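Working notes, beginning with the structure itself.
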Amino acid sequence: MAEHLQVADADTAALQARLDALESETHSLREVLTERLKRDSLDEALPTGRGQRRSRDKPRGSRSSRGSFERRSRSPEPPSGGRFRWVRGDDDAKSLARLVVGAAMPDAVVGFPVDLHAKYEANVNTALKGVAIAARRCLEDRDLHLACAPRFRDNRNELTASVYPLLERPPDPDAPDVEVLTVARATDYRVLAGAVAKRARDGQTSRLRAIGAAAVFTAARAVATAREYLADDATRSSVACVPRFATVQFDGRAEETTILEVVVFRVAVDSDD
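Anchor point for the sequence shown: position 200 equals 200 in the UniProt record's numbering, and the numbering is continuous, going up by one each time.
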């Protein structure tokens with residue numbers, strides 16, 4: 001009887017995992033269709049230079065002979081072969097993690113990369129927490145290492161975190177030579193990016209210890225800026241990161257505090273593009 005119960009529990013867990021994957025795939029496909037419908041509706045409603053409706057076969061973003069400009073959407077184009085999600089205020093880290101984990105399923109219709117678009121500190125914090133949960137689950141359940149490559153969008157307050165699987169095992173974040181850099185709200189992300197880029201050039205790993213949403217936002221911007229610093233570097237390298245949860249003990253507090261650490265390490269240019 002006990003054996004039958006164990007088998008039933010295993011089947012239930014497998015079914016729940018599959019349902020979570022299907023839910024994340026459905027949400028991703030719905031996002032793609034919504035963006036396309038919005039784009040098509042703009043194409044139909046947008047007037048031309050003469051006040052007529054623009055033809056559907058006219059290339060987007062083109063300039064007419066009379067100097068009128070077509071409106072360009074600030075929403076991202078769906079990535080080729082991957083998933084994407086705008087992170088909003090009502091999103092939570094677990095739902096984003098399900099989206100990422102769903103891309104790792106063997107029968108996933110839409111796989112990697114998973115692009116999480118976020119704006120300002122609260123949403124960027126949620127996005128990186130979602131990546132941290134997904135990275136831990138993929139490592140525990142599938143022995144799959146994930147990495148995240150943040151980049152800026154229209155300005156320094158908007159980021160896209162591209163999540164993808166690593167082909168090789170990342171460096172040990174707890175190795176003795178890994179430097180821990182504490183990130184605060186007042187930390188200048190450009191200065192922090194310079195330190196991260198310098199260590200990456202030397203093949204060294206950094207751990208950005210962020211406490212609070214503002215600090216996580218600063219850490220993410222620092223990684224994105226470090227990638228810019230290394231873009232034209234002669235070493236032909238860049239950086240990627242893996243967010244993870246950690247606990248620290250503060251003076252005067254009886255209980256440990258859970259924080260987010262962003263582990264930043266060097267990667268070859270072709271590995272994360």
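We treat Cβ as the ideally placed atom computed from N, Cα and C, and that holds for glycine.
These numbers come from a predicted model, not from an experiment.
In the DSSP assignment, no residue is bridged to I211. Per DSSP, the continuous alpha helix (DSSP H) segment holding V131 begins and ends at Y120 to R142. Counting C-beta pairs with one atom in each stretch, the stretch 220 to 232 and the stretch 101 to 112 have fewer than three that are closer than 8 angstroms, which means they do not touch. Distance from the CA atom of V242 to the CA atom of V264, rounded to whole angstroms, is 7 angstroms. A Cβ-Cβ separation of about 6 angstroms places A127 in contact with L96 under the 8 angstroms criterion. Counting along the chain, R199 sits inside the alpha helix (DSSP H) bounded by residues Y189 to R201. Taking each of V178, R137 and R88 in turn and checking the Cα distance to E158, the smallest one comes out for R88.
Of all C-beta pairs linking the stretch 208 to 216 to the stretch 136 to 145, fewer than three are shorter than 8 angstroms, placing the two stretches out of contact. Note that the C-beta distance between L192 and V183 is below 9 angstroms.
In this structure A268 is exposed. Its beta-carbon is surrounded by fewer than 16 other beta-carbon atoms within 10 angstroms. When the beta-carbon positions are compared, A200 and V262 stay at least 9 angstroms from each other. If you draw a 10 Å sphere on the C-beta of G102, you find 16 or more other C-beta atoms in it, and that means buried. Within the model, the alpha-carbon separation for Y189 versus R156 is close to 11 angstroms. Within the model, the alpha-carbon separation for T225 versus R153 is close to 12 angstroms. Here the C-alpha atom of H117 lies approximately 26 angstroms from the C-alpha atom of P173. Taking the Cα of V178 as reference, the smallest distance to any Cα among F250, G203, A186 and G194 is reached at G203.
Taking C-alpha positions only, E256 is separated from V248 by approximately 6 angstroms.
Counting along the chain, R266 sits inside the beta strand (DSSP E) bounded by residues T257 to A268. In the DSSP assignment, V110 falls outside any alpha helix (DSSP H), carrying neither H nor E. Going by DSSP, V101 is part of the alpha helix (DSSP H) stretching over A93 to A103. Shown here, R244 sits in a strand according to DSSP, grouped into three states.
In the three-state reduction of the DSSP assignment, T182 falls in the strand class, which pools E and B. Less than 9 angstroms separates the beta-carbon of V131 from that of V100.
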